[in-house]
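Chemist: Counted the way mature numbering (1 follows the signal peptide of the UniProt record, and there is no 0) counts, the sequence shown spans residues -19 to -1, 1 to 475.
Here a beta-carbon is modelled for each residue, glycine too, at the ideal position from N, C-alpha and C.
Bear in mind that the values here come from a model prediction, so they are computed numbers and not experimental data.
I have a structure I would like to understand better, so I am pasting it below and will then ask my questions one at a time.
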Amino acid sequence: MRGWLLAWAALHLPASALAAAVASSEYNAAVADVVGKVNLVLLSDRMEAIEATVRSAYASKRYSSSLMWHIFTSLPAHAVKETLVEAGVPAADLHLIDMEGAVKSLIRRGVVPVWRHAHPLNLMRLYLAELPVLQQLHRVLLVDDDVIFQRDLEALYYETVDRGKLLRASCEMYSFASKAGVTWLNLSYATKSYGDTHFIGSIGPTAYPVCETGSDDPCAPKALEPLLTSLQASINGNTPRTLRDEVAWNFGVALLPLDRWREQRVALRATRWFEANSRHRLFAPDSVASGLGIPYLLFAGAVECWPEEALLDGLGYVSREDLLLSGVQDLKQYTALHFAGPAKLGTQGLTDYSPAAMEPLILQHLSLAVARRQLDVDAYGGYGGIYYYLPPPTPPPLTPPPPPPPPPPSPIILNPDPDLSDLTLASPPPASPPPPTPLDYPELCEPGSCTGNPFETCFYDPNCATGGLGCAAGGKPLCRFCGFGGYIDVQCPG
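Take a look at the structure:
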């Protein structure tokens, strides 16, 4: 417990209650790390975004609060630090960590990250507890670089994390709503499940119903959900309620009890989920879906929601009208604003990051959202995964190319030698045609060929020979899996 709180508790609580409070406080790491500083972790290669997030925190903090930033980046560390110090951030509050060096430090500890994403910064957050540079920390606030702060951060940093939970995060989600001819994206708090958010973590395969013959809607192979349940018990060591019923959440600002992560070996679990993803093709390895889909599986049943006023999510997509119709009248009530979505808040040239100075910029950003949504409707059908990923239109039928013209006859030079031992060819004889492969039969992997679902894409299951998931998908004789990647089919064993 912090000193003043412990003194108050000693005067006002019975001995038994005091002991319980102290134990709970210690378990939740409410003792200050690094001499009372609020420790924040930021992973980013975007200098403008780093500056906006960091400077907004200083513009919003109380005088008595002390911040410590642990910034992981592939940018030159000296350049990042110099930019922030010139902007007024105290040099003593900055701890710059080279991303490549961080990975090497994990490997030296015997922790080998499985990078199968477009950028490892998106997945390093799952290994934070094992990094030598963070070993002295009991907890951190993990902050995305599209977050703007409006209030002091001590209240978030010292929030409790209930036993059995591994992080606190935002549980705000949006879904389309309509009334009296008006349609908007409606904000809800802790009511949407994995099954309601098809994009976040590409949970669609979990949320979709099991494929039936002739289905025209998104659906999942019959073997997928039992597989996820089995992996959940094997890797996480627990069997929560059905995955599709778990409360949906997002990063943005997340409180991580690193001491608990170390106790429960979260880094090892993460590696096992990455390996399972590589084996079973749950998410395309280099997709945004993988970046949040793996955490959805890793932390299923172990996420505690922030209070509503902690963070407002989805501001990279929703409009001011969406928020007003959702009952959000005042943006200043939130400690943090998360611009999750395709449109980030532009802060180039900004010198004042205080809430009062940034409010007009934020409102202007939100006023453009309706036009932006109309322009991007083919790429983004909604925020929070409602229909964020739309499949490409079905390509026209493939017509085989015309056969190439026959090659001209090769000139032959004859030698009088009767056994033709000196016979030579001006060009080598044509090679034998290769045996046909599944790629010669593109119709085998056309959308809809696996389950009758036009939203599918075929995956090759490397475990086909042992009767892997692909052989069970849709009851087809070809080894395949329906998801978001482009892989070929192979014949399943008889």
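Are three or more beta carbon pairs between the segment 121 to 141 and the segment 319 to 331 nearer than 8 Å?
Modeler: Contact holds: three or more Cβ-Cβ distances are below 8 Å.
Chemist: Give the DSSP-derived three-state secondary structure of residue 73 in the structure shown.
Modeler: Here residue 73 refers to the residue found at position 92 when the sequence shown is read from its first residue. Three-state DSSP puts residue 73 in a helix.
Chemist: Look at the Cβ atom of residue 71, then the Cβ atom of residue 84, and state whether they are nearer than 8 Å.
Modeler: Sequence index remark: in the sequence shown, residue 71 carries index 90 (1-based). Sequence index remark: in the sequence shown, residue 84 carries index 103 (1-based). No; because the gap between Cβ atoms is not below 8 Å, this pair is not in contact.
Chemist: Which of the three DSSP states, helix, strand or coil, is assigned to residue 309?
Modeler: Here the question's residue 309 lines up with position 328 in the sequence shown. Residue state, collapsed to three classes: coil.
Chemist: With DSSP collapsed to three states, give me the class of residue 291.
Modeler: As a working note, residue 291 is residue 310 in the sequence shown. Here residue 291 sits in helix by DSSP.
Chemist: In or out: residue 155 buried (at least 16 other Cβ within 10 Å) or exposed?
Modeler: Taking the sequence shown and counting its residues from 1, one reaches residue 155 at position 174. By the neighbour-count rule (16 or more Cβ atoms within 10 Å), residue 155 is buried.
Chemist: In its own chain, which residues sit with a C-beta less than 6 Å from the C-beta of residue 444, not counting the 5 before and 5 after it?
Modeler: Looking up residue 444 in the sequence shown gives position 463. The predicted model places residue 444 with a pLDDT of 40, which falls under 50 and marks its position as unreliable; any figure quoted below should be read in that light. Excluding positions up to five away in sequence, the list is empty.
Chemist: Below 8 Å, how does it come out for the segment 140 to 152 and the segment 45 to 58: are there three or more Cβ pairs, yes or no?
Modeler: The answer is no - the segment 45 to 58 does not touch the segment 140 to 152, with fewer than three Cβ pairs under 8 Å.
Chemist: DSSP state of residue 155, grouped into three classes?
Modeler: Residue mapping note: residue 155 aligns to position 174 of the sequence shown, counting from 1. In this structure, residue 155 counts as strand in the three-state DSSP scheme.
Chemist: Identify the continuous alpha helix (DSSP H) that holds residue 249 and give its terminal residues.
Modeler: Along the sequence shown, read from residue 1 onward, the residue named residue 249 stands at position 268. It spans 247 to 261 - the alpha helix (DSSP H) in which residue 249 sits, taken as one unbroken run.
Chemist: Could you check which residue in 18, 105, 325, 119 has the C-alpha nearest to that of residue 243?
Modeler: The residue labelled residue 243 in the question sits at position 262 within the sequence shown. Minimum Cα distance to residue 243 is reached at 119.
Chemist: Please go through the same chain and pick out, in chain order, the residues whose beta-carbon is closer than 6 Å to the beta-carbon of residue 91, but skip the five residues on each side of it.
Modeler: As a position in the sequence shown, residue 91 is number 110, starting the count at 1. Around residue 91: no qualifying Cβ.
Chemist: For residue 44, which of 227, 132, 332 has the nearest alpha-carbon?
Modeler: Translated into positions along the sequence shown, residue 44 becomes position 63. For residue 44, the nearest C-alpha among the options comes from 132.
Chemist: With a threshold of 8 Å on Cβ separation, who are the neighbours of residue 286 within its own chain once the five nearest residues in sequence on each side are excluded?
Modeler: Numbered from its first residue, the sequence shown carries residue 286 at position 305. The residues are 149, 150, 151, 152, 170, 171, 228, 230.
Chemist: For residue 59, which of helix, strand or coil comes out of DSSP?
Modeler: Taking the first residue of the sequence shown as position 1, residue 59 is located at position 78. Three-state DSSP puts residue 59 in a helix.
Chemist: What separation, rounded to the nearest whole angstrom, lies between the Cα atoms of residue 256 and residue 25?
Modeler: By one-based count along the sequence shown, residue 256 stands at place 275. By one-based count along the sequence shown, residue 25 stands at place 44. Each residue's Cα considered, the two are about 25 Å apart.
Chemist: Helix, strand or coil: how does DSSP classify residue 43 here?
Modeler: In the sequence shown, residue 43 corresponds to position 62, counting from 1. Of the three classes helix, strand and coil, the one that applies to residue 43 here is coil, per DSSP.
Chemist: Measure how close the beta-carbons of residue 20 and residue 121 come, nearest whole angstrom, since I'm counting them as under 8 Å.
Modeler: Within the sequence shown, the letter at position 39 stands for residue 20. Within the sequence shown, the letter at position 140 stands for residue 121. Right, the Cβ-Cβ distance comes to about 5 Å (below 8 Å), so this counts as a contact.
Chemist: Under the rule that 16 or more other beta-carbon atoms within 10 Å means buried, what is residue 67, buried or exposed?
Modeler: Residue numbering aside, residue 67 sits at position 86 when the sequence shown is read from its first letter. With fewer than 16 other Cβ atoms within 10 Å, it is exposed.
Chemist: Quick one: what does DSSP say residue 125 is sitting in, helix, strand or coil?
Modeler: One-based indexing of the sequence shown puts residue 125 at position 144. In this structure, residue 125 counts as coil in the three-state DSSP scheme.
Chemist: Starting from the C-beta of residue 164, find all residues in its chain whose C-beta is less than 8 Å away, skip the five residues before and the five after it, and write them out in chain order.
Modeler: Numbered from its first residue, the sequence shown carries residue 164 at position 183. 157, 158.
Chemist: Tell me residue 78's beta-bridge partners as DSSP assigns them.
Modeler: As a working mapping, residue 78 is identified with position 97 in the sequence shown. 53, per the DSSP bridge assignment.
Chemist: Which residues mark the beginning and the end of the alpha helix (DSSP H) in which residue 316 is found?
Modeler: Numbered from its first residue, the sequence shown carries residue 316 at position 335. Counting along the chain, residue 316 falls outside any alpha helix (DSSP H), and DSSP gives it neither H nor E.
Chemist: Buried or exposed for residue 88, going by 16 or more other Cβ atoms inside 10 Å?
Modeler: Sequence index remark: in the sequence shown, residue 88 carries index 107 (1-based). Looking at its Cβ environment, which holds fewer than 16 other Cβ atoms inside 10 Å, residue 88 is exposed.
Chemist: Enumerate in chain order the residues of its own chain whose CB-to-CB distance from residue 110 is below 7 Å, with the five nearest sequence positions on each side excluded.
Modeler: To locate residue 110, count along the sequence shown from 1; it is residue 129. Same-chain partners within the cutoff: 239, 242, 243, 247, 248.
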